[in-house]
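First comes the structure, then the notes that go with it.
Numbering (the numbering used here), first residue to last: -17 to 60.
Right under this line is the structure:
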């Protein structure tokens, strides 16, 4: 993909001097921002899930969930 940026001259000069306008630097910045956004979305989802007032599972219910998961995995094996 080719990308064209329009930046104010002072910002462009400073970014160029700092080596931030290379494809490698831009790729690294984009990857960091994508990870940051994913983390932010995860935190928001976790907060929303934490706001749901569900009763805690009993030990028997937890064990039943584990057993069901294991049975499902065994059933999918060739």
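Each residue gets a CB set at the ideal place from its N, CA and C atoms; glycine is no exception.
Are the CB atoms of residue i and residue j nearer to each other than 8 angstroms?
| i | j | result |
| --- | --- | --- |
| residue 7 | residue 1 | yes |
| residue -11 | residue -1 | no |
Let me check understanding here. Comparing Cα to Cα, which of the options lies closest to residue i?
| i | options | result |
| --- | --- | --- |
| residue 70 | -9, -8 and 9 | Outside the shown range of the chain, which is -17 to 60, sits residue 70, and nothing can be said about it. |
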